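Engineer: Quick one: this structure, given as structure tokens, is what I'll be asking you about.
2 protein chains.
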Amino acid sequence: MTTTVGEPRPVGPGRQRLHEAALRLFAEHGISGTSLQMIADDIGVTKAAVYYHYKTKDELVIGVVAPFIDRVFAILEAGQARRGRRGQIETVLEGLVDLIVEARKLYVVAAIDPVIAHLHEIHPRMREIAARMQDLLAGPDPDDERRVAVVFFLSGLVGPLGDESCRDMDDDTLRGLLLDIGRRFLLQRKAMRG
Amino acid sequence: MTTTVGEPRPVGPGRQRLHEAALRLFAEHGISGTSLQMIADDIGVTKAAVYYHYKTKDELVIGVVAPFIDRVFAILEAGQARRGRRGQIETVLEGLVDLIVEARKLYVVAAIDPVIAHLHEIHPRMREIAARMQDLLAGPDPDDERRVAVVFFLSGLVGPLGDESCRDMDDDTLRGLLLDIGRRFLLQRKAMRG
DNA sequence: GTCTATAATGCGATAGAC
DNA sequence: GTCTATCGCATTATAGAC
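Have a look at this one:
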């Protein structure tokens, strides 16, 4: 579900090609490292044509990553629909690992890009998503240890996705290893008291 | 020790002020987010004065982070000087956590900055440091699980240093928690066979 | 809906005076 | 060792024709 309210986002044929090109270039050169010129050249139009679709680069980036944001929202809702803490965490963990392994090329650049950091500050949906993810994984009234563990885990996911020594692992292998780590990290010991 | 050969790096009084200003601004705005103009303004000189000290921005960045690189080299050497695998890992772990907690404001921006990513590609010392760190922590002939664990751990360190919910923890608390995580992660189970 | 043309800005870097 | 002045370039963004 997660129908986006207040932000009409019709996706026409031109906009679809724009999204695909932007996504590919973002994954390859990073978001900051991709200029509107590069995107325009890639699909064979001019910069001005890009500006027809989005008023600013920020809005273009938001438009391109919106489907991923939506999926994370859906994952959070699926998690919160479950009753037990362990089930909530397991659901969110599986959903998150699935998503980022599938979109690893994009995720690894988006996670660390200055543009994304900037959007985190100005885009409500991105602030909300990070906060809700942390809250759900940390549980009620987390102590310092639990808080650090959660943040550590979310940050740790980025490494294997980008590192050369892990880049040639196939998706299933990587997914399994990250799930193991996540379970060890988030589903063990005393922290499970909520 | 780790005396830098082949790269004379005299530090005069003017250069000292330049380093201090750059370090502070890098930590605040990121490295990519800090222009030479900002640095020059901060110490009350012109851009051209900065160019007297360093021919390019890349060289300035290298000059500023060099002391930290040197410390990591020292940590690696201290680790390799020990005989057992567990001792090696424990030594490197403690040194690394100490260093990055102490320099957390810089580390968190440096770890994810595009400029640093670029320097990783062109600066031999930075390539070497990352490779040696991974090799030492992973041990001889690591399997996929161990490789992912190491990369995950190194990437995970960045999160707690930058996150709001952890930013106000004092250094000792954070150091303790990160050391715990590191020991659980790198010093347990089968992976210790070397 | 896409174009040409251009504005406005900020960047890294250089030349040459003092 | 620091300055003024400026170059050359890339960027985001706009205005207006087709």
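Each protein sequence line maps, in turn, to chains Z and G.
Under our numbering, residues 1026 to 1219 are what the first sequence spells out, in order.
Under our numbering, residues 1026 to 1219 are what the second sequence spells out, in order.
A virtual CB, placed ideally from N, CA and C, is assigned to each residue, including glycine.
Since the structure is predicted, the reported quantities are computational estimates derived from the model, not experimental observations.
Can you tell me the Cβ-Cβ gap for V1126 of chain G and D1196 of chain G, rounded? I've got them flagged as a contact below 8 Å.
Structural biologist: Right, their Cβ atoms sit about 5 Å apart.
Engineer: Assuming L1212 of chain Z and R1111 of chain Z form a contact by the criterion Cβ under 8 Å, report the distance between their Cβ atoms to the nearest whole angstrom.
Structural biologist: So it is a contact: roughly 6 Å between Cβ atoms.
Engineer: Could one say the Cβ of M1063 of chain G lies closer than 8 Å to chain Z's Cβ atoms, at least one of them?
Structural biologist: No, because no Cβ of chain Z sits closer than 8 Å to the Cβ of M1063 of chain G.
Engineer: Using only alpha-carbon positions, find the residue among Z:V1175, Z:P1149 and Z:V1133 that is nearest to E1053 of chain Z.
Structural biologist: Taking only the C-alpha atoms, the option nearest E1053 of chain Z is Z:V1133.
Engineer: Tell me the DSSP secondary structure of G1207 of chain G in three-state form.
Structural biologist: Reduced to three states, the DSSP call for G1207 of chain G is helix.
Engineer: Please list the partners that T1198 of chain Z has in chain G, where partner means a Cβ-to-Cβ separation under 8 Å.
Structural biologist: What T1198 of chain Z touches in chain G: D1169.
Engineer: Going along the stretch 1179-1190 of chain G in order, which residues come within less than 7 Å of chain Z, judged by CB to CB distance?
Structural biologist: Against chain Z - using a Cβ distance shorter than 7 Å - the residues of the stretch 1179-1190 of chain G are L1179, S1180, G1181, V1183, G1184, P1185, D1188 and S1190.
Engineer: Quick one: what's got a C-beta closer than 8 Å to V1036 of chain G's C-beta in the same chain, skipping five residues either side?
Structural biologist: Excluding residues within five positions, the ones whose Cβ falls inside 8 Å are H1044.
Engineer: Using DSSP with H/G/I as helix, E/B as strand and the rest coil, what is D1083 of chain G?
Structural biologist: In the structure shown, D1083 of chain G sits in a helix (DSSP, three-state: H, G or I).
Engineer: In its own chain, which residues sit with a C-beta less than 6 Å from the C-beta of V1030 of chain G, not counting the 5 before and 5 after it?
Structural biologist: Below a pLDDT of 50, predicted positions are generally treated as unreliable, and V1030 of chain G, at 39, falls in that range; no measurement from the model is reported.
Engineer: Would V1173 of chain G count as contacting chain Z if we go by Cβ distances under 8 Å?
Structural biologist: Judged by the 8 Å Cβ criterion, V1173 of chain G is in contact with chain Z.
Engineer: Where in the stretch 1047-1106 of chain G do unbroken runs of the beta strand (DSSP E), each at least 3 residues long, occur, reported from the N-terminal end onward?
Structural biologist: Taking only runs of at least 3 residues, no beta strand (DSSP E) segment lies wholly in the stretch 1047-1106 of chain G.
Engineer: Excluding the 5 residues preceding and the 5 following D1067 of chain G in the sequence, name in chain order all residues of the same chain whose CB lies nearer than 7 Å to its CB.
Structural biologist: Once the five neighbours on either side are set aside, the close Cβ partners of D1067 of chain G are A1046 and L1050.
Engineer: With a threshold of 8 Å between beta carbons, is P1139 of chain Z in contact with chain G?
Structural biologist: Yes, P1139 of chain Z counts as interfacial toward chain G.
Engineer: Counting only C-beta atoms, is F1177 of chain Z closer than 8 Å to chain G at any point?
Structural biologist: Yes, its Cβ sits closer than 8 Å to a Cβ of chain G.
Engineer: So, does the stretch 1176-1190 of chain Z touch the stretch 1168-1184 of chain G, judging by three or more C-beta pairs under 8 Å?
Structural biologist: Because the criterion of three Cβ pairs below 8 Å is met, the stretch 1176-1190 of chain Z and the stretch 1168-1184 of chain G touch.
Engineer: Starting from the beta carbon of M1194 of chain G, find every residue of chain Z whose beta carbon is closer than 9 Å, and list them in chain order.
Structural biologist: D1169, R1172 and V1173, listed in chain order.
Engineer: I1100 of chain G: which of G:F1178, G:I1154 and G:H1148 sits nearest, CA to CA?
Structural biologist: For the residues G:F1178, G:I1154 and G:H1148, the minimum Cα distance to I1100 of chain G belongs to G:I1154.
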